[in-house]
Structure formats: C-alpha cells, structure tokens
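Q:
2 protein chains.
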Amino acid sequence: MNNTKPTLFTSLSPALLHLYEVNNSVVVIIDVLRATSTIAAALYNGAKCIIPVDSVSRCIEIGKQIDGITAGERDGKVAEGLVYGNSPFEYPRGFVEGKTLVLTTTNGTRLLQMALDKGAKEIVTGSFPNLSAVCDHLIDMKQNVILGCAAWKDRVNMEDMLFAGAIISNIGRHFSINCDSSHLAEATYKKAAKDLFGFMKKNNASHYHRLMGFGLEKDIRYCLTPDQANVLPIYRDGKLVLKSEV
Amino acid sequence: MNNTKPTLFTSLSPALLHLYEVNNSVVVIIDVLRATSTIAAALYNGAKCIIPVDSVSRCIEIGKQIDGITAGERDGKVAEGLVYGNSPFEYPRGFVEGKTLVLTTTNGTRLLQMALDKGAKEIVTGSFPNLSAVCDHLIDMKQNVILGCAAWKDRVNMEDMLFAGAIISNIGRHFSINCDSSHLAEATYKKAAKDLFGFMKKNNASHYHRLMGFGLEKDIRYCLTPDQANVLPIYRDGKLVLKSEV
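Line order of the protein sequences matches chains L and A.
Heads up: take any position in the first sequence, counting from 1, add 36, and you land on this note's numbering.
Heads up: take any position in the second sequence, counting from 1, add 36, and you land on this note's numbering.
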C-alpha cells in the first residue's frame, strides 16, 4: 500500500506559477470575481461549452465563426466590441442553454492559457459557486494539485486566496502540503468563513471596492456563496465543458 | 495643507517586486528568518557596518580585501567557504563591535540587490527585533513605502508576511493602502500577534520546520520578538549602517 499523499501548492499570482511543477499537476484556475464564478453559472445553466480566449479580438473572431455569445471584461467592465460581460447573472438558463460562450477576462483566461502553455496535466476552474464539485474532483483524482489564483494583473488578491483556503480547509488532509501560501490561505479562510462578504468589506479588498463602485454587490454576494452552481468545468480541446459530459 | 497620504504596498515575493513603483519608494527589505534579524542584531551590538553581497565568492573576495567577517548561509546553513552563519547569536557585542560583516544569504541580500537595481529611493531592513525603529522611520519619512518580503526562493512565506502585517497594524493609518497583500498581511498578523511562535508552529510554516530541524528554536524565538535590537539599518554606498550614523 502506498501511503504517499499527492502534493498541493497554492500559487497566489500568475507571476508565481513558474515556481511550481505545472506539468505534473492538476491546476485549478481561480478567479472568484468573476470569471470562474460565471463559468460555473453558465455551465450549470446549460451552456454547451465555454471557449476561453486571451484577447478581445480573438473573442470576436471566434464568436463570428461559431455563432457564439461573445463575452468578457477588461478592468471589470464589458470589453469594447463584446456584447456581454462577466456577470453570472447575464447567463440564466433561458438565455444560455445549449449555447457556446466565447469568454475573455482580465486575469482568469490569461492564467488558464499560462497553465496550458506549461503543460498542465488537467485544468479545471473553481470558485465558491462550485466549491464542493472542485473538492470532490480533486479527491477523486489523487494527483498533485496547484491552486492557481488569477489575482489582479499579477497582484495577489483576497478573494482568490480565500477560495484556495476554502479548498484546503475542506480537503487539505488528503494532500501533503509544504507551502506557506496554502497555510496562509487556510488560516485566512478559517477566519473569514462565517461571513466572507463581511471579511472582504472589513479588510478593504480592492476588488470588493472596484465592483461595489459599479453597483455589483449582488455579483459579489453570488460569487462568495458556496455551491450555487455546483458543477465541474474541465478543459478539453480548447473548451471548458462539464466533467459529466467528458 | 496637503492631506494626501503616501502609499504603502506589500510585495510578498521578489518575483512580484516589479509590479510596484520601486524607484518612487522607500523599500523595507524583510527577511525575518534570519537575515534582517541578524543585521539588526549585529548593528545593535556595535558592528561598524554590514556589506550585503549576493554571492559566496564575492563575500570571500570582499572579506579578504577589508579584513571583514565573512558570513552567510545557503538553504539555512553556513555557506561553504564562509566562516560564520546567519544567526543573530553569532554576533554578540564582544565579537562584532567595531567590525565589518560581509553577508550573503539565500533570499534577503538578493532582494536588496533587486531593489537597488530598480532604483529604490532608499533601502532599510526590517524584522521583529527592530520593528519600532522601522515604524518610526517610515512615519518620519512621509514617502511612499514598499514592504519587500524576501520570501523563500520566490515562494511567499509566513514570517515575512507577518512582519509586513505588524508594520501595517502599527502605522497603516499614516498611509493610503490599496493593496490586498497589505490587508491580508495585517489581518494575518492581528490573528497571530499574541503568539507569533505558536502561530508559525500551528500553521506549519515551512521555515519554522526547516530551522527547528537544525535545532534553531532559539533563533526563531529571537527573530519573532519585537524590539530586542531596535536600531535602523539603512543602505548607503554599498553598506548597511545605523541611521543615527548617517
């Protein structure tokens, strides 16, 4: 019997991803506000798939080719030239069911591309709306894990670290963790867990202020609520699809 | 009257330093275990100055030229070819008074060189043993501040983040802080402040285990105790000297 547990590391910024063995790991892309929350919501609501792209021009190009919904943001707002934004509430079942979303965001889709370029074994996306699905999958896989925070233009952010902490708090015992970022994330999450929204407000999270400034409190609350869209988006052949459909 | 406060940012790893305006800031080099604690201790105990260098060969070369004490570590142990290590207890007054220390370490001296290369306005070093001296100086300066964590081979570590949090907890109100890393550091410090050693142990800090493995509990406890060597090391013309002697 092999008692060696797989490893788990947390990369708090895309600028730190190179420190970890990406090509030997399952990478969880974490962009809580709001890309990976919106990805979970859209797939939960029946979207056929999501094509993450790293530029607005590519988003428009592919959107035309496949007659998909072009969506995305830059600096927290709908990107110029795109029709939809990065809010989970833009993608209710009645609108998104059976459709393909072509999505580009400031941080999350860029990190996904980086993980792909570095040869990740598998890429999934996570956020509070699909916390349990991510945890269940990582336990099933029994592989080394990197929790990849999308951060904000490479600056560490609070919400992505909190989500990494939530995963570790739930399933850390299944992994060997020699990683201060992971331990810090877990300690922070444990302090914040009772009221994530209140913690973000009290501690002046920059993205909290940015989105509140755009009137998006409802989005923040959704993105911080566990298991509202509890599906597992997994990357296959250029698309994020439901694990259950792979 | 100008009410604009200077800014304060925390760079959790040398690999993130480029995200901040180093050339417009006072940079505090933070390498709690143990470089910046040892620097404070040696100057407090009367060392003439400390010459930080980024390689062992350069350390030996300069040591010979000036008849200085060659000191430093790689991976937590005395570096091959050097005579002394990176423990604050190696530099009591009876030994170090009036002498010059030529010091190279895995992370701290490297970060100092990076801050220098990026044109920092001023460079000082900080750790718990000189917490109050650093805080007093930053308030006096009324300049933008970057708290630069030396981390461990670019991986974020617990103790440097805790010290950044201690500074912010003490004097954050004097600065405009729009930086999640700073807010996370402060929140973590506030949780840990009552028993920093216990927090490091409970949360499995990697450097805690590394140094405990070398039998260095005494070092860790010293490096986490505020104001035991409460002087301000400041970088001038290739040397760290006491602020009071500049």
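We put the CB at the ideal spot given by N, CA and C, even for glycine.
#1: For L/Gly130, which option in L/Ala78, L/Asp90, L/Val282, L/Leu278 has the closest C-alpha, if you only look at C-alpha atoms?
#2: Which chain L residues are close to A/Ser49, counting only those with a beta carbon under 7 Å from its beta carbon?
#3: Note down, one range per segment and in chain order, each beta strand (DSSP E) of at least 3 residues found wholly within the segment 180 to 250 of chain L.
#4: Along the chain, where does the beta strand (DSSP E) that runs through L/Phe45 open and close?
#5: Beta-carbon of A/Met37 versus every beta-carbon of chain L: anything under 8 Å?
#6: Leaving aside the five residues before and after A/Gly26 along the sequence, list all residues of the same chain whose C-beta is less than 6 Å from its C-beta, in chain order.
#7: Between the alpha carbons of L/Met37 and L/Gly208, how many angstroms are there, rounded?
#8: Give me, in chain order, the residues of the same chain whose beta-carbon lies closer than 7 Å to that of A/Arg246; leave out the 5 immediate sequence neighbours on both sides.
#9: Given that A/His177 touches chain L, what residues does it touch there, using C-beta distances under 8 Å?
#10: Can you name the start and end residues of the beta strand (DSSP E) that L/Lys275 belongs to?
#11: Can you tell me whether A/Val160 is helix, strand or coil according to DSSP?
#12: For L/Val267, is the classification buried or exposed, using 16 other Cβ atoms within 10 angstroms of its Cβ as the cut-off for buried?
#13: Going by alpha carbons, who is nearest to L/Val63 out of L/Gly121, L/His54, L/Ile98?
#14: Along chain L, which residues have their Cβ under 9 Å away from the Cβ of A/Thr224?
#15: Among A/Val119, A/Lys100, A/Lys254, whose alpha-carbon lies nearest the alpha-carbon of A/Ala107?
#16: Note down, in chain order, every chain L residue with its Cβ under 9 Å from the Cβ of A/Val63.
#17: What separation, rounded to the nearest whole angstrom, lies between the Cα atoms of L/Leu48 and A/Glu281?
#18: With distances taken between CB atoms, is the gap from L/Asp216 to A/Met194 smaller than 8 Å?
#19: Which of the three DSSP states, helix, strand or coil, is assigned to A/Tyr80?
#20: Which residues in the same chain have their Cβ closer than 7 Å to the Cβ of L/Arg70, if we skip the five residues on either side of it in sequence?
#21: Within 8 Å (strictly less), CB to CB, does A/Asp111 reach chain L?
#22: I need the DSSP call for L/Met37, collapsed to helix, strand or coil.
#23: Kindly give me the distance between the Cβ atoms of A/Tyr56 and A/Ile182, rounded to whole angstroms, as I take these residues to be in contact under 8 Å.
#24: Going along chain L in order, which residues have a C-beta closer than 8 Å to the C-beta of A/Ser93?
#25: Nearest-angstrom Cα distance between A/Gly184 and A/Gly117?
#26: Can you tell me the Cα-Cα spacing of A/Leu147 and A/Ile75, whole angstroms?
#27: Look at A/Ser212 and A/Thr72 and say whether their C-beta atoms are less than 8 Å apart.
#28: Would L/Asn214 pass as an interface residue toward chain A - the criterion being a Cβ-Cβ separation below 8 Å?
#29: Report the residue ranges of all alpha helix (DSSP H) runs contained in full by the segment 62 to 146 of chain L; include only those spanning at least 4 residues, in chain order.
#30: Does any C-beta atom of chain A lie closer than 8 Å to the C-beta of L/Ser217?
#31: For chain L, find out if any of its Cβ atoms is closer than 8 Å to the Cβ of A/Asn193; answer yes or no.
#32: Do you know whose CA, among L/Ser242, L/Ile66, L/Val114, lies nearest L/Phe164's CA?
#33: Quick check: the Cα distance between A/Gln264 and A/Asn166, rounded to an integer number of angstroms?
#34: Just checking: is the beta-carbon of A/Met197 within a distance shorter than 8 Å of some beta-carbon in chain L?
A: Let me spell this out:
#1: Residue 130 of chain L sits at position 94 when you count from the first residue of the first sequence. L/Gly130 has its Cα closest to that of L/Ala78, out of L/Ala78, L/Asp90, L/Val282, L/Leu278.
#2: Position 13 of the second sequence, counted from the start, is the residue given in the question as residue 49 of chain A. Counting only Cβ-Cβ distances below 7 Å, A/Ser49 has contacts in chain L at Leu52, in chain order.
#3: 181 to 185
#4: Taking the first sequence and counting its residues from 1, one reaches residue 45 of chain L at position 9. Unbroken beta strand (DSSP E) run through L/Phe45: 44 to 47.
#5: Here residue 37 of chain A is taken as the residue at index 1 of the second sequence, counted from 1. In this predicted model, A/Met37 has a pLDDT of only 49, less than 50, meaning its place in the structure is not dependable; the value taken from the coordinates is given anyway. The Cβ of A/Met37 sits no closer than 8 Å to any Cβ of chain L.
#6: Past the edges of chain A, shown from 37 to 282, lies residue 26 of chain A, and the structure says nothing about it.
#7: Walking along the first sequence from the start, residue 37 of chain L turns up at place 1. Walking along the first sequence from the start, residue 208 of chain L turns up at place 172. Interpretation of L/Met37 is limited by its pLDDT of 49, a score under 50 that renders its predicted location unreliable; no figure is taken from the coordinates.
#8: As a working note, residue 246 of chain A is residue 210 in the second sequence. Same-chain partners within the cutoff: Gly112.
#9: Working through the second sequence from its first residue, we reach residue 177 of chain A at position 141. Sequence inspection shows Met at residue 177 of chain A; the His mentioned does not correspond to that position. Residues of chain L passing the Cβ test: none, with the nearest at roughly 23 Å.
#10: Here residue 275 of chain L is taken as the residue at index 239 of the first sequence, counted from 1. 275 to 278 is the span of the beta strand (DSSP E), which, as asked, contains L/Lys275.
#11: The sequence position of residue 160 of chain A within the second sequence is 124, counting from 1. Three-state result, A/Val160: strand.
#12: Looking up residue 267 of chain L in the first sequence gives position 231. Buried, since its Cβ has 16 or more Cβ neighbours within 10 Å.
#13: Working through the first sequence from its first residue, we reach residue 63 of chain L at position 27. Of L/Gly121, L/His54, L/Ile98, the smallest CA-CA separation from L/Val63 is found for L/His54.
#14: Start at 1 with the first residue of the second sequence, and residue 224 of chain A comes out as number 188. Correct list: Leu220, Ala223, Thr224, Lys227.
#15: Reading the second sequence from its first residue, position 71 is the one you call residue 107 of chain A. With distances taken between Cα atoms, A/Ala107 lies closest to A/Val119.
#16: Position 27 of the second sequence, counted from the first residue, corresponds to residue 63 of chain A. Correct list: empty, because the minimum Cβ distance to chain L is about 17 Å.
#17: Numbered from its first residue, the first sequence carries residue 48 of chain L at position 12. Numbered from its first residue, the second sequence carries residue 281 of chain A at position 245. When rounded, the distance between both Cα atoms is 40 Å.
#18: Sequence index remark: in the first sequence, residue 216 of chain L carries index 180 (1-based). Sequence index remark: in the second sequence, residue 194 of chain A carries index 158 (1-based). Yes.
#19: Counting from 1 along the second sequence, the entry for residue 80 of chain A is found at position 44. Three-state DSSP puts A/Tyr80 in a helix.
#20: Counted from its first residue, the first sequence places residue 70 of chain L at position 34. So the qualifying residues of the chain are Asn122, Ser123, Pro124, Asp255, Cys259.
#21: The sequence position of residue 111 of chain A within the second sequence is 75, counting from 1. So, not an interface residue.
#22: Locating residue 37 of chain L in the first sequence gives position 1, where the first residue counts as 1. Confidence is the limiting factor: at L/Met37 the pLDDT is only 49, short of 50, which leaves the residue's position unreliable, though a coordinate-based value still follows. Looking at L/Met37 - three-state DSSP - the assignment turns out to be coil, as it is neither helix nor strand.
#23: Position 20 of the second sequence, counting from 1, holds the residue named residue 56 of chain A. Position 146 of the second sequence, counting from 1, holds the residue named residue 182 of chain A. Yes, A/Tyr56 and A/Ile182 are in contact; Cβ-Cβ is about 5 Å, under 8 Å.
#24: The count along the second sequence starts at 1 and reaches residue 93 of chain A at position 57. In chain L, no part has a C-beta under 8 Å from the C-beta of A/Ser93; the shortest such distance is about 26 Å.
#25: On the second sequence, residue 184 of chain A is found 148 positions in, with the first residue counted as 1. On the second sequence, residue 117 of chain A is found 81 positions in, with the first residue counted as 1. Rounded to whole angstroms, A/Gly184 to A/Gly117 spans 29 Å at the Cα level.
#26: For this step, residue 147 of chain A is matched to residue 111 along the second sequence. For this step, residue 75 of chain A is matched to residue 39 along the second sequence. Going from the Cα of A/Leu147 to the Cα of A/Ile75 covers about 14 Å.
#27: Within the second sequence, residue 212 of chain A is the residue found at index 176, counting from 1. Within the second sequence, residue 72 of chain A is the residue found at index 36, counting from 1. Not closer than 8 Å, so no.
#28: Here residue 214 of chain L refers to the residue found at position 178 when the first sequence is read from its first residue. Yes, L/Asn214 lies at the interface with chain A (some Cβ there is under 8 Å from its Cβ).
#29: 71 to 80, 92 to 102, 129 to 132
#30: As a first step, residue 217 of chain L must be located in the first sequence, where it is residue number 181. Yes, L/Ser217 counts as interfacial toward chain A.
#31: As a first step, residue 193 of chain A must be located in the second sequence, where it is residue number 157. Yes, contact with chain L.
#32: To locate residue 164 of chain L, count along the first sequence from 1; it is residue 128. If we check each option's Cα against that of L/Phe164, L/Ile66 comes out closest.
#33: To locate residue 264 of chain A, count along the second sequence from 1; it is residue 228. To locate residue 166 of chain A, count along the second sequence from 1; it is residue 130. Taking the straight line joining both Cα atoms gives about 7 Å.
#34: On the second sequence, position 161 is the one that residue 197 of chain A refers to. True, the Cβ-Cβ gap to chain L drops below 8 Å.
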